[in-house]
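Student:
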Amino acid sequence: MDTTIEIPALRRMAELAPNSADIEARTVEVVWSAGARVRRSTLFGEPYDEELSLDPDHVRLERLNAGAPFLKVHEVDTLDAVIGSVVPGSARLENGRGIAQVRISERADVEPIWRDIQAGHIRAVSIGYQVHRFEVSKPEAARELWRAVDWTPFEVSAVPVGADPAAGFRAQSPLHDCVLHRRDVPPTQTGAIPMTDKPNAPAAEATDQPSDPITTEDPTMTEPKTPVAEPKVVAVETRAQPKPQKADAPVAPDTEVVATRARETERDRVSTIYDLAGRLNLERGFADDLVKRGTDIGEARRLILDQVATKSEETRTFSQVSVPLGGRDEQVTRRDAVANALLHRYSPTLFQLEDAARQYRGMTLMELARESLGNAGVNTRGLSRDEVATRALHSTSDFPEILSAVTNKTLRQAYDAYPRTFMLFCRQVLATDFKSMHRVQLGEAPQLLEVGESGEFKRGTLGESKESYKVKTYGRVVAITRQTLINDDLDAFTRIPAMYGNSIAQLESDVVWGIITANPAMADGNALFHNSHKNLAGTGAALDVGSVGAARAAMAKQTGLDKKTVLNVRPAYLIVPASLELRAEQMVAQNLVPAATSNVVPQSIRTLSPISEPRLDAVSETAWYLAANPNQIDTIEYAYLEGQQGAYIETRNGFDVDGVEIKCRLDFGAKAIDWRGLYKNPGA
């Protein structure tokens, strides 16, 4: 009968082989499992034996062979905890043992650990694994045997002491479903069953460590020695056996059997106490006291419960979740690493590969989808590529978030890289909503008048002109389908967002430069460039020193709204179509001993910054413009919606399409605010 329960990720001790260390390659071999039986127990239930099947059909090696991390003591909250990784493809099952090679990081802080491994000081490791299916049986006169027939090792950790019963693991792993297949026994109560990691016998393989005084009859055990308190010899009352019909003396009890049973009983008592205390985060000294006093299991459980209740009353709870300084959620860290690996594949020059992402850089999209599902507790064994793609895009896995992160960064990078030439002479503002924004064009301050003796100050007014515009929304939706994922088409969700980024930047340029080329009407009813505005040359002239000088003079003579005050506007930019770009650059270049004095370009003209824009060529290849610095006087103003500056992208699981939908949006608007900071010459 099958029963589904929830269990956390488990730990089990393994061993390094220091003599296999390759100094140049920085690799060392680990025996990550030998299938030994380990005694485990629920918090307050009966203990049972766990056995890991090493049948190739029962072990999922994908995560190890994909480059699983090599950690420090199962730490998962900082990147510094990663001190290496499993060499991809090195995990294997050989002669009833699980073997893999680990490559050690080249970071400076890892170097002391690598030297200790070479010297044999660090030789204990522990593996983390998830069990997806147990076969449960009940041998006669023995504990229940839970045999893992579907399980996944997912990380290897270096630990200072192997199989210490009091060495609890601080990682709070999420629970995942596990199927118990019971044979000829009634089903057990379902529910969350916290697990412990304590062997019922020490390793039988020879090591350099001191021998454990407790022995075992199981020659297959490879777990590191478990330091426990010296077993107490429990007095066992024996009864005289009935006298044989043909014997004169009673049969003496087997003292070796009695001693063995006493050792096993004491071992169970000590291990269970340390297990319970460690799992419930009680102090080591509390467990030590129970062990030294010889407290039996039943009494120890009662005292442990009392201690937990006392601690609970003393502990205040808060609604907020505190994250230690520098700590990060494991899922977020993994998600960022996968996204970085994909971005590095898209453009190695733009996105540098981070250390945490190296284990994912060679994985295909399908492999990453399977791993994301596995991390979410979804069993992908036996699933087709289509099923994996569909579940990865429509499940609680983090794969859609990874795609979203990749598309966001590629779009933003392409958007920022596109050349937007208008930003130099235009001014940016933020709009709080989509309502029309009114920009008051203030006139000059009224001129000061002489005040005679005992005279009074006369009042003046500011002239003004009003321009208005509003932000508009532009957008489009595109879908990345499961076919894209199945075909491992990385370009589909890197290049498509990048093209969107270029498209959005182009749209901004189209809107702003469209104001220059369309020459729209201003609030006074006249066009932006108009004779009445004194910013349009009467006759076109080729781009040269003389025509630019005349344009500069016209801008300097611009007056305020009172038609009297001279503003002395100074141009800062020379704007030309692409066809005149070379001519403009030659004009502002440094003079190199001209043949005639008349060919000298004055310093005032050479201070102009040339701006070349190919959108101007579509209207005229000869017209050129001057623009003032927007800090001196208003020219063209462009606005984004507040909080949505630039390109914005959203992703969601598709409903109309079988995949992920990507929506790009731009909230943008622009308007010419003042004509006096701009000048146009039609050219010739």
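Using the UniProt record's numbering, the letters of the sequence shown correspond one by one to residues 1 to 684.
C-beta atoms are modelled at their ideal positions from N, C-alpha and C, and glycine is treated no differently.
Since the model is a prediction, treat every value here as computed from it, not as a measurement.
Considering only C-alpha positions, which residue in the set Asn519, Gly278 and Arg381 is nearest to glutamate 62?
Tutor: Arg381
Student: Could you give the distance in angstroms between the alpha-carbon of lysine 680 and the alpha-carbon of alanine 479?
Tutor: Whole-angstrom Cα-Cα distance: 45 Å.
Student: Which value, in whole angstroms, describes the spacing of the CA atoms of alanine 34 and leucine 290?
Tutor: 33 Å
Student: So what's phenylalanine 493 in DSSP terms, helix, strand or just coil?
Tutor: helix
Student: To the nearest angstrom, how far is the alpha carbon of leucine 580 from that of isoleucine 611?
Tutor: 10 Å
Student: Once the 5 residues before and after leucine 276 are set aside, which same chain residues still bring their CB inside 6 Å of it?
Tutor: Ile304
Student: In this structure, does DSSP put alanine 400 in helix, strand or coil?
Tutor: It is worth fixing the name first, because residue 400 is proline in this sequence and not alanine. Three-state DSSP puts proline 400 in a helix.
Student: Can you name the start and end residues of the beta strand (DSSP E) that valine 569 belongs to?
Tutor: Neither: valine 569 is in no beta strand (DSSP E) and is coded neither H nor E.
Student: Look up tryptophan 675 in the DSSP assignment and say whether it is helix, strand or coil.
Tutor: coil
Student: Looking at C-beta atoms only, is the number of pairs between the segment 140-156 and the segment 54-68 that lie closer than 8 Å three or more?
Tutor: yes
Student: In the segment 107-168, which residue ranges form an unbroken beta strand (DSSP E) of at least 3 residues, counting only runs that do not cross its ends?
Tutor: 124-137 and 144-158
Student: May I ask which residues mark the beginning and end of the alpha helix (DSSP H) holding phenylalanine 422?
Tutor: Note, phenylalanine 422: premise wrong, no alpha helix (DSSP H); not H, not E.
Student: At which residues does the alpha helix (DSSP H) containing tyrosine 638 begin and terminate?
Tutor: Taken as a continuous stretch (DSSP letters only), tyrosine 638 belongs to no alpha helix (DSSP H), being part of the beta strand (DSSP E) at 636-641.
Student: My guess is that threonine 651 and leucine 403 are in contact by the Cβ rule of under 8 Å, so how many angstroms apart are they, rounded?
Tutor: That belief holds up - the Cβ atoms of threonine 651 and leucine 403 are roughly 7 Å apart, short of 8 Å.
Student: Where does glutamine 483 sit, in a helix, a strand or coil, going by DSSP?
Tutor: Glutamine 483 sits in a helix when the DSSP states are folded into three classes.
Student: In angstroms, rounded to a whole number, what distance separates the CA positions of glutamine 632 and valine 569?
Tutor: 8 Å
Student: Cβ of glycine 98 within 8 Å of Cβ of leucine 54?
Tutor: yes
Student: Which residue comes first and which comes last in the alpha helix (DSSP H) that contains serine 532?
Tutor: Premise fails: serine 532 is in no alpha helix (DSSP H) and is neither H nor E.
Student: May I have the straight-line CA-CA distance separating alanine 647 from tyrosine 573, to the nearest angstrom?
Tutor: 27 Å
Student: Taking contact to mean at least 3 C-beta pairs separated by less than 8 Å, is the segment 357-374 in contact with the segment 412-427?
Tutor: no
Student: When you compare the CB positions of glutamate 642 and lysine 671, do they come within less than 8 Å of one another, or not?
Tutor: no
Student: What residue does the beta strand (DSSP E) around isoleucine 83 start on, and which one ends it?
Tutor: 82-86
Student: Suppose contacts are defined by Cβ-Cβ distances below 8 Å. Is asparagine 531 in contact with tryptophan 675 by that definition?
Tutor: Remark: C-beta atoms of asparagine 531 and tryptophan 675 do not approach each other more closely than 8 Å.
Student: According to DSSP, which residues form a beta bridge with methionine 437?
Tutor: Answer is Tyr469, bridged to methionine 437.
Student: Buried or exposed for phenylalanine 434, going by 16 or more other Cβ atoms inside 10 Å?
Tutor: By the neighbour-count criterion, in which 16 or more other beta carbons inside 10 Å mark a residue as buried, phenylalanine 434 falls on the exposed side.
Student: State buried or exposed for asparagine 95, treating a residue as buried only when at least 16 other CB atoms are found within 10 Å of its CB.
Tutor: exposed
Student: What's the gap between the Cα of valine 576 and the Cα of threonine 410?
Tutor: Distance between the alpha carbons of valine 576 and threonine 410: 31 Å.
Student: Under the assumption that proline 571 contacts methionine 555 (Cβ atoms under 8 Å), give the Cβ distance between them as a whole number of angstroms.
Tutor: 6 Å
Student: In the DSSP assignment, what are the bridge partners of asparagine 681?
Tutor: Trp624
Student: Return helix, strand or coil for glutamate 456, following the three-state DSSP convention.
Tutor: Reduced to three states, the DSSP call for glutamate 456 is coil.
Student: Which same chain residues, not among the five before or five after glutamine 483, have their C-beta less than 6 Å away from its C-beta?
Tutor: none
Student: Can you tell which of Thr4, Leu52, Glu51 and Val86 has the C-alpha that lies nearest to the C-alpha of asparagine 65?
Tutor: Val86
Student: Hey, is the segment 76-85 in contact with the segment 104-114, meaning 3+ C-beta pairs nearer than 8 Å?
Tutor: yes
Student: Tell me arginine 26's beta-bridge partners as DSSP assigns them.
Tutor: In DSSP, arginine 26 forms no bridge with anything.
Student: Determine the burial state of alanine 389: buried for a count of at least 16 other Cβ atoms within 10 Å of its Cβ, exposed for fewer.
Tutor: buried
Student: Count the other C-beta atoms from every protein chain shown that fall within 10 angstroms of the C-beta of glycine 455, then say buried if there are 16 or more, exposed otherwise.
Tutor: exposed
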